[in-house]
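Remarks on the structure that follows.
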Amino acid sequence: MRTMGIARWHCIARYLLLLLALVLTASTAITQANAAELRLWSAGAAQKAVAELVNRYEQQTGTTIVADYAPVGVLLQRLAAGGTPDVLIVTQDVMTEVEEHHWALAGSSAALGSVGIGLAVKAGAPLPDISTPEALRKSLLNARSLTYIDPRNGTSGKYFATVLEQLGIADQVRAKTILGQTGFVVEPVARGEIELGVQQITEILPVPGVTLVGPLPAGLQKLTTYAVTIGANVRDHAGAAQFIRFLQQEDARQVFRDKGFSVP
Numbered sequence: 006m007r008t009m010g011i012a013r014w015h016c017i018a019r020y021l022l023l024l025l026a027l028v029l030t031a032s033t034a035i036t037q038a039n040a041a042e043l044r045l046w047s048a049g050a051a052q053k054a055v056a057e058l059v060n061r062y063e064q065q066t067g068t069t070i071v072a073d074y075a076p077v078g079v080l081l082q083r084l085a086a087g088g089t090p091d092v093l094i095v096t097q098d099v100m101t102e103v104e105e106h107h108w109a110l111a112g113s114s115a116a117l118g119s120v121g122i123g124l125a126v127k128a129g130a131p132l133p134d135i136s137t138p139e140a141l142r143k144s145l146l147n148a149r150s151l152t153y154i155d156p157r158n159g160t161s162g163k164y165f166a167t168v169l170e171q172l173g174i175a176d177q178v179r180a181k182t183i184l185g186q187t188g189f190v191v192e193p194v195a196r197g198e199i200e201l202g203v204q205q206i207t208e209i210l211p212v213p214g215v216t217l218v219g220p221l222p223a224g225l226q227k228l229t230t231y232a233v234t235i236g237a238n239v240r241d242h243a244g245a246a247q248f249i250r251f252l253q254q255e256d257a258r259q260v261f262r263d264k265g266f267s268v269p
């Protein structure tokens, strides 16, 4: 009888251990589900606004967002190489290309805001006249050095190269132009290494040590609209859609305005 009692208790103990293991496994699965993660790729021009909103969203929801910021051209190269972000922020101009290559879910995109191109000088330096196309032309010719992002990588560089052609000075300024490759290309202007820098206004305003002279003059300016979409290989469709809705709320729209975007 005693032997049978001991055997019964051993059986019960094994059952309890199995039950505990099942509870722990379920608990781990719930924890992992709650600790959602999204991979976000964003154009650099939107970085300051998006980074602030990512921080807010993580605090409000507990979701981890792994964000990567780069020029649009670089993001397109990564997509072509097989990259799979859950959420993607690029210019509206290339959104059709992104969808045609099935890098994003068709119909999931939403506009965030528009931004223009501006010119920067080192803080405290005299401000050149860029009020008209002719004034801009003269200021660019008189500058000892110039920088803008490589047209192969960045939206503003691709467009500004056409502005130099329109002004008829592309060949004259080529020798004194240093093409930036990524990030905030006006940073050398802040260090006094280059006299003039041209970039999206949202990428000039955050850089300490530079002054925004102003936007390109009427007739030469181009407003670039940025949009957000869901990646074609999204791991958490509901989570990605929720984050996009968050970016469209009025509080988020105000952050974009504060960082230099024009938002309706």
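Counting from 1, position 40 in the sequence shown corresponds to residue 45 in this note's numbering; the numbering is continuous, with no gaps. Ideal Cβ positions, reconstructed from N, Cα and C, are used throughout, including at glycine. Computed from a prediction, not measured in an experiment: that's the story for all the values here.
DSSP-derived helix/strand/coil call for residue i
i    : result
Q254 : coil
P211 : coil
A48  : strand
G123 : strand
P193 : helix
G265 : coil
L110 : coil
Enclosing alpha helix (DSSP H) for residue i [first to last residue]
i    : result
E200 : No alpha helix (DSSP H) contains E200, which DSSP labels as neither H nor E.
D91  : D91 -> no alpha helix (DSSP H), and no H or E assigned at all.
L184 : No alpha helix (DSSP H) contains L184, which is instead part of the beta strand (DSSP E) from 182-185.
T101 : 97-105
V178 : 175-179
G162 : 160-172
Residue range of the beta strand (DSSP E) that includes residue i
i    : result
D119 : It should be noted that the sequence gives Ser, not Asp, for residue 119. S119 -> beta strand (DSSP E) spans 115-120.
T69  : 69-75
L151 : 151-154
A140 : Unbroken run through A140 is the alpha helix (DSSP H), 138-147; no beta strand (DSSP E).
A232 : 229-235
Residue i, buried or exposed, once every other Cβ within 10 Å from all chains shown has been counted against 16
i    : result
V71  : exposed
P76  : buried
D73  : exposed
P131 : exposed
Q186 : exposed
A115 : exposed
Proximity below 8 Å, CB of residue i to CB of residue j
i    : j    : result
T69  : N238 : no
I122 : Q259 : no
S150 : I209 : no
I249 : V233 : yes
L124 : L201 : yes
I235 : L110 : yes
CB contact check: residue i to chain B, cutoff 8 Å
i    : result
P220 : Annotation note: the requested chain B is absent from the structure, which comprises a single protein chain.
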